[in-house]
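Visitor:
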Amino acid sequence: MSAQDPARSPWLPKLVVAPSFLLSFLFIYGLMAWNGYLSVSASRLLPNYDFIGLEPYRDLFASERWGVALTNLGIFGGLFIGGAMVVGLLLAILLDQKVRAEGVLRTIYLYPMALSFIVTGTAWKWMLNPGLGLEHLMHEWGFPNFEFGWLVDPDKAIYCVAIAGVWQSAGFVMALFLAGLRGIDDSIIKAAQVDGASLPRIYWRILIPTLRPVFFSTLMVVSHLAIKSFDLVMALTAGGPGYATDLPATFMYTMAFSRGQINLGAASATIMLATVAAIVVPYLYSELRTKK
Amino acid sequence: MNKTLKLSPLALGAMACIALASTAQAGEVEVLHWWTSGGEAKAAAALKATMQAKGHTWKDFAVAGGGGDSAMTVLKSRVVSGNAPAAAQIKGPSLQEWAKEGVLANMDDVAKAEKWDSVLPKAVSDIMKYQGHYIAAPVNVHRVNWLWANPEVFKKAGTKVPTTWDEFFVAAEALKKAGVIPVAHGGQNWQDFTTFEAVALGVGGADFYKKAFVQLDQPTLTSPTMAKVLTTFKKVKDYTDKNAPGRDWNLATAMVIKGEAGMQIMGDWAKGEFLAAGKVPGKDFVCAAAPGTAKDYTFNIDSFAMFKLSNAANTKAQKDLATAIMSPDFQELFNLNKGSIPVRLGMDMAKFDDCAKQSAADFVADAKSGTLLPSIAHGMAVPSATEGAIKDVVSQYWNSDKMSAQDAMKQIASAAKTR
């Protein structure tokens with residue numbers, strides 16, 4: 000390659016990226032458009048291309064179950080993103096104190112990320128089930144009045160999903176923040192120490208503000224995990240009790256694949272896409288603008 | 000086998016004559032089913048053995064997950080991609096939905112040769128036909144409105160197996176006092192719905208059930224009877240354990256087998272679990288009609304929809320499969336394992352247990368008296384979207400302490416309008 004003058008073959012780079020561009024155009028944007036069309040079509044059991052207008056969207060927002068799914072996304076998303084960020088940052092700061100056996104601890108905290116959400120969900124299902132897990136254990140240990148039945152309580156089950164989600168993702172967030180913290184020039188900290196700043200103050204006023212870009216990229220990763228969250232709910236509660244822990248992704252799956260209402264499922268998928276876009280587009284816009 | 004066939008039909012023909020003796024043309028038959036637990040798996044193996052005996056290759060396409068939701072998902076993607084299996088376990092109004100999509104094959108020649116019209120009750124053959132043509136082969140009849148009980152537990156608690164809903168709550172109270180879980184239940188929405196169906200039939204009767212859940216008649220769905228059904232249904236929940244949410248049906252059955260729980264309301268596939276655990280009907284476990292439903296019969300008929308295939312050898316295998324499914328030998332062998340009864344009329348029931356004999360007798364009697372009803376909880380009564388919408392409300396009502404019977408009634412009535 001070095002022998003060839005890039006100026007003489009301006010088409011070469013374009014040719015090289017063309018297949019991947021074409022593939023991603025077809026299989027990402029093409030399928031998005033297809034889904035968009037299905038959401039205004041008469042598709043039921045199998046795709047059907049008769050246009051029926053915005054009817055599926057009206058049905059979608061009239062559906063109680065979709066309301067529950069959206070509320071749950073709000074609760075789960077807020078707790079999951081917030082929880083993972085706070086716990087991750089805290090772990091990162093604590094690990095940053097030059098503790099002994101840092102490598103071992105870091106691996107331990109990061110390890111949940113190596114598991115799939117299915118494994119996490121199943122393990123937490125056992126731990127949180129009143130008859131098998133924590134409550135049972137406490138009863139055996141001689142605390143017969145201990146009660147922890149969140150998983151089987153329709154009003155609280157969604158919090159169990161958030162707990163398992165935070166457990167899974169906090170280590171990953173920690174790794175990102177730790178890398179960010181380690182990237183900060185030591186001399187800034189030393190200078191602050193010379194000025195007599197306390198350690199919490201250094202973190203609060205200097206280190207955490209410098210982590211701003213890390214914050215944003217972490218937020219991006221974690222929030223899209225929250226919106227597309229499916230496997231965790233399926234393994235932990237399967238959307239139950241009733242449909243108390245339904246999320247938009249599980250709603251979409253049920254409608255499109257087991258109920259024979261593909262247009263309704265496609266409509267909910269479009270709303271999910273719009274939600275992600277509402278978060279990603281402003282972020283990309285601000286990022287690209289600062290780079291110019 | 001197929002590749003060989005294309006390469007050298009003569010060689011294969013010779014080979015087939017020698018090795019398989021019975022068939023000149025051996026095809027592959029891929030069958031999608033979700034019979035993966037204990038008694039059901041044995042039943043599926045029986046079908047496989049029957050097909051292999053005919054010289055065909057059986058390609059198992061089992062997708063686990065009670066109720067078949069996951070299986071349907073896989074099937075849809077296969078059909079959309081133009082790679083449908085030969086046969087898939089589809090039943091009830093869903094057969095019509097699939098046929099409407101134009102992907103099912105016409106089985107009239109097999110039906111005519113095997114005289115399906117005369118060996119099947121009309122109520123059943125109507126379900127198997129789309130616009131007058133057979134598109135599916137029925138395998139078995141399950142009765143859904145059963146109550147399974149552990150007599151030893153009942154004896155210890157000093158009570159008897161209930162025949163009405165009033166007796167049910169008396170018995171449940173006695174079982175609770177004796178320190179066992181009165182009702183084994185798995186908190187999955189279709190199980191909640193199965194219980195609801197039994198309550199609706201027992202409290203409301205056959206006419207109410209037919210109007211409310213087959214014809215989806217609005218005045219019936221908002222009647223005082225419906226309110227009574229809902230309050231009775233919710234009362235059952237007080238007698239289940241709090242670990243029920245998410246439990247699979249066979250684990251709930253295991254609780255009755257082990258004596259941890261007194262009884263379970265479940266279709267007769269539960270019997271397969273009892274038998275697989277080596278229990279004897281009438282002695283180790285009792286099968287009774289769900290309270291108040293002794294003269295009614297909610298049926299759940301499994302059937303195999305036959306998909307259009309392009310390969311001639313495979314089509315032949317598919318037709319053999321349809322013939323095999325309806326043959327008396329297979330109907331007997333299969334249903335002995337599955338816990339259901341043959342769908343074919345006039346079968347000898349001698350080898351079957353007492354539960355199946357009772358089921359078969361009731362099937363014939365209820366067909367005559369018009370109390371043979373399609374099960375709504377098992378996709379026999381209404382299209383899947385409507386069924387799903389009603390199931391959501393029923394399950395939410397069962398699980399939520401905040402929803403009143405009146406709220407549930409209104410929501411069920413509006414869910415019934417889903418098309």
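Note that the protein sequences, when read in sequence, are chains B and X. Quick note on numbering that gives the first Met the number 0: the first sequence kicks off at 0 and runs consecutively. Quick note on numbering that gives the first Met the number 0: the second sequence kicks off at 0 and runs consecutively. Every residue, glycine too, gets a C-beta built ideally from N, C-alpha and C. Quick caveat: nothing in here was measured; it's all calculated off a predicted structure.
1. Give, in chain order, every unbroken run of the alpha helix (DSSP H) that is at least 4 residues long and sits entirely within the segment 174-259 of chain X.
2. Considering Cα atoms alone, identify which of X/I389, X/S413, X/R418, X/K416 is closest to X/T193.
3. Can you tell me whether DSSP reads X/A15 as helix, strand or coil?
4. Straight-line CA distance for X/P137 to B/A276?
5. Please identify, using Cβ separations under 8 Å, the residues of the segment 238-269 of chain X that lie next to chain B, in order along the chain.
6. Excluding the 5 residues flanking B/D95 on each side, which residues of the same chain have their C-beta closer than 8 Å to its C-beta?
7. CB-CB under 8 Å to B/I201, same chain, minus the five flanking residues each way: which ones, in chain order?
8. Answer yes or no: does any C-beta atom of chain B fall closer than 8 Å to that of X/N398?
9. Kindly give me the distance between the Cβ atoms of X/M346 and X/Q330, rounded to whole angstroms, as I take these residues to be in contact under 8 Å.
10. Identify whether X/A110 lies in helix, strand or coil by the three-state DSSP scheme.
11. Quick one: which unbroken alpha helix (DSSP H) runs of 4-plus residues sit fully inside the segment 217-288 of chain B? Chain order, please.
12. I need the straight-line Cα distance from X/T22 to X/F207, nearest angstrom please.
13. Taking CB distances under 8 Å as the criterion, tell me whether X/V79 reaches chain B.
14. What number of angstroms, rounded off, separates the C-alpha of X/A20 from the C-alpha of X/F153?
15. Measuring only from the beta carbon, is X/K41 closer than 7 Å to any heavy atom that is part of the ligand FMN?
16. Quick check on the burial criterion: 16 or more other C-beta atoms within 10 angstroms. Buried or exposed for B/M31?
17. Can you tell me the Cβ-Cβ gap for B/T119 and B/A163, rounded? I've got them flagged as a contact below 8 Å.
18. Kindly indicate which three-state DSSP category X/E100 falls into: helix, strand or coil?
19. Looking at B/V67 and B/D245, is the spacing between their C-beta atoms short of 8 Å?
20. In the DSSP assignment, find the beta strand (DSSP E) that holds X/I89 and state where it starts and stops.
21. By the three-class DSSP mapping on this structure, what secondary structure does X/F168 have?
22. Would you mind stating whether B/L131 and B/L150 have Cβ atoms separated by less than 8 Å?
23. Beta strand (DSSP E) containing X/K416: first to last residue?
24. With distances taken between CB atoms, is the gap from X/A173 to X/T158 smaller than 8 Å?
25. Look up X/A304 in the DSSP assignment and give the residues it is bridged to.
26. Who are the near neighbours of X/M106 in its chain, counting only those whose CB is closer than 8 Å to its CB and skipping five residues on each side?
27. Using 8 Å as the threshold, is the C-beta distance between X/E259 and X/V179 below it?
28. Can you check the segment 319-349 of chain X for any alpha helix (DSSP H) of at least 4 residues that lies completely inside it and give the ranges in chain order?
29. Using 8 Å as the threshold, is the C-beta distance between X/G266 and X/R142 below it?
30. So which of X/W34, X/P84, X/F195, X/S394 has the shortest CA-CA distance to X/W145?
31. Can you tell me whether DSSP reads X/G313 as helix, strand or coil?
32. Taking the continuous beta strand (DSSP E) assigned at X/V28, which residues delimit it?
33. Please list, in chain order, all residues of the same chain as B/I80 whose beta carbon is under 8 Å from its beta carbon, the five residues on each side excluded.
34. Taking all protein chains shown into account, do 16 or more other C-beta atoms lie within 10 angstroms of the C-beta of X/L46, making it buried, or fewer, making it exposed?
35. Report the three-state DSSP secondary structure of B/G73 (helix, strand or coil).
36. For the segment 192-214 of chain X, enumerate the residues whose C-beta is nearer than 8 Å to any C-beta of chain B, in chain order.
Guide: For this structure:
1. Residue ranges of uninterrupted alpha helix (DSSP H) with 4 or more members, entirely inside the segment 174-259 of chain X and ordered along the chain, are 188-208, 217-220, 223-236, 248-257.
2. Taking the first residue of the second sequence as position 1, residue 193 of chain X is located at position 194. Residue nearest to X/T193 within the set X/I389, X/S413, X/R418, X/K416 is X/I389 (criterion: CA-CA distance).
3. Indexing the second sequence from 1 puts residue 15 of chain X at position 16. With a pLDDT of 40 at X/A15, under the threshold of 50, the modelled position of that residue is not reliable, and no figure is offered here.
4. Counted from its first residue, the second sequence places residue 137 of chain X at position 138. Counted from its first residue, the first sequence places residue 276 of chain B at position 277. CA-CA distance, X/P137 to B/A276, rounds to 48 Å.
5. Residues of the segment 238-269 of chain X with a C-beta less than 8 Å from any C-beta of chain B: D240, K241, N242, A243, P244, G245, listed in chain order.
6. Within the first sequence, the letter at position 96 stands for residue 95 of chain B. So the list reads L177, L180, R181, once near-sequence residues are dropped.
7. The count along the first sequence starts at 1 and reaches residue 201 of chain B at position 202. Answer for B/I201: I188, A191, Q192, listed in chain order.
8. Within the second sequence, numbered from 1, the residue matching residue 398 of chain X stands at position 399. So yes, X/N398 belongs to the interface.
9. The residue given as residue 346 of chain X occupies position 347 in the second sequence. The residue given as residue 330 of chain X occupies position 331 in the second sequence. Indeed, because the Cβ distance is near 6 Å, the residues count as touching under 8 Å.
10. Sequence index remark: in the second sequence, residue 110 of chain X carries index 111 (1-based). If DSSP states are grouped into helix, strand and coil, X/A110 belongs with the helices.
11. With a minimum length of 4 residues, the continuous alpha helix (DSSP H) runs that stay inside the segment 217-288 of chain B are 230-235, 247-252.
12. Here the question's residue 22 of chain X lines up with position 23 in the second sequence. Here the question's residue 207 of chain X lines up with position 208 in the second sequence. Annotation note: pLDDT 43 at X/T22 (below 50); position unreliable, no value reported.
13. Along the second sequence, read from residue 1 onward, the residue named residue 79 of chain X stands at position 80. In terms of beta-carbon proximity, X/V79 lines the interface with chain B, with at least one pair separated by less than 8 Å.
14. Counting from 1 along the second sequence, the entry for residue 20 of chain X is found at position 21. Counting from 1 along the second sequence, the entry for residue 153 of chain X is found at position 154. With a pLDDT of 39 at X/A20, under the threshold of 50, the modelled position of that residue is not reliable, and the figure given next carries that caveat. Going by the C-alpha atoms only, they are around 55 Å apart.
15. The ligand content of the structure shown is nil, which means the ligand FMN is not present either.
16. Translated into the one-based positions of the first sequence, residue 31 of chain B becomes position 32. So B/M31 ends up on the exposed side.
17. For this step, residue 119 of chain B is matched to residue 120 along the first sequence. For this step, residue 163 of chain B is matched to residue 164 along the first sequence. At roughly 6 Å, the Cβ-Cβ gap stays under 8 Å, so B/T119 and B/A163 are in contact.
18. As a first step, residue 100 of chain X is located in the second sequence; it is residue number 101 there, counting from the start. In the structure shown, X/E100 falls within a coil segment according to DSSP collapsed to helix, strand and coil.
19. Mapped onto the first sequence, residue 245 of chain B falls at position 246. Mapped onto the first sequence, residue 67 of chain B falls at position 68. Less than 8 Å separates the beta-carbon of B/D245 from that of B/V67.
20. Locating residue 89 of chain X in the second sequence gives position 90, counting from the first residue. Counting along the chain, X/I89 falls outside any beta strand (DSSP E), and DSSP gives it neither H nor E.
21. Taking the first residue of the second sequence as 1, we reach residue 168 of chain X at position 169. Helix at X/F168.
22. Here the question's residue 131 of chain B lines up with position 132 in the first sequence. Here the question's residue 150 of chain B lines up with position 151 in the first sequence. B/L131 places its beta carbon 8 Å or farther from that of B/L150.
23. What you label residue 416 of chain X is simply residue 417 of the second sequence in a count that begins at 1. Here X/K416 belongs to no beta strand (DSSP E), and DSSP marks it neither H nor E.
24. As a first step, residue 173 of chain X is located in the second sequence; it is residue number 174 there, counting from the start. As a first step, residue 158 of chain X is located in the second sequence; it is residue number 159 there, counting from the start. At a Cβ-Cβ threshold of 8 Å, X/A173 and X/T158 count as neighbours.
25. For the purposes of this step, residue 304 of chain X is taken as residue 305 along the second sequence, with counting starting at 1. DSSP lists X/A87, X/A135 as partners of X/A304.
26. Position 107 of the second sequence, counted from the start, is the residue given in the question as residue 106 of chain X. So the list reads H132, Y133, I134, A135, A136, M305, K318, A321, once near-sequence residues are dropped.
27. Residue numbering aside, residue 259 of chain X sits at position 260 when the second sequence is read from its first letter. Residue numbering aside, residue 179 of chain X sits at position 180 when the second sequence is read from its first letter. For X/E259 and X/V179, yes; Cβs fall inside 8 Å.
28. If you keep only unbroken alpha helix (DSSP H) runs of at least 4 residues inside the segment 319-349 of chain X, you get 327-337.
29. Residue mapping note: residue 266 of chain X aligns to position 267 of the second sequence, counting from 1. Residue mapping note: residue 142 of chain X aligns to position 143 of the second sequence, counting from 1. Their beta carbons are under 8 Å apart, which means X/G266 touches X/R142 by this criterion.
30. As a position in the second sequence, residue 145 of chain X is number 146, starting the count at 1. Cα-wise, what sits closest to X/W145 is X/F195.
31. On the second sequence, position 314 is the one that residue 313 of chain X refers to. According to the sequence shown, residue 313 of chain X is Asn rather than Gly. X/N313 falls in the helix class under three-state DSSP.
32. Numbered from 1 along the second sequence, position 29 holds the residue referred to as residue 28 of chain X. According to the DSSP assignment, X/V28 belongs to the beta strand (DSSP E) that extends over 27-32.
33. Within the first sequence, residue 80 of chain B is the residue found at index 81, counting from 1. Taken in chain order, the residues that qualify are L218, V221, S222, A225.
34. Against the second sequence, residue 46 of chain X aligns to sequence position 47. The residue is buried, with at least 16 neighbouring Cβ atoms inside 10 Å.
35. In the first sequence, counting from the first residue as 1, residue 73 of chain B sits at position 74. Annotated three-state conformation of B/G73 is helix, per DSSP.
36. The segment 192-214 of chain X vs chain B, Cβ under 8 Å: nothing.
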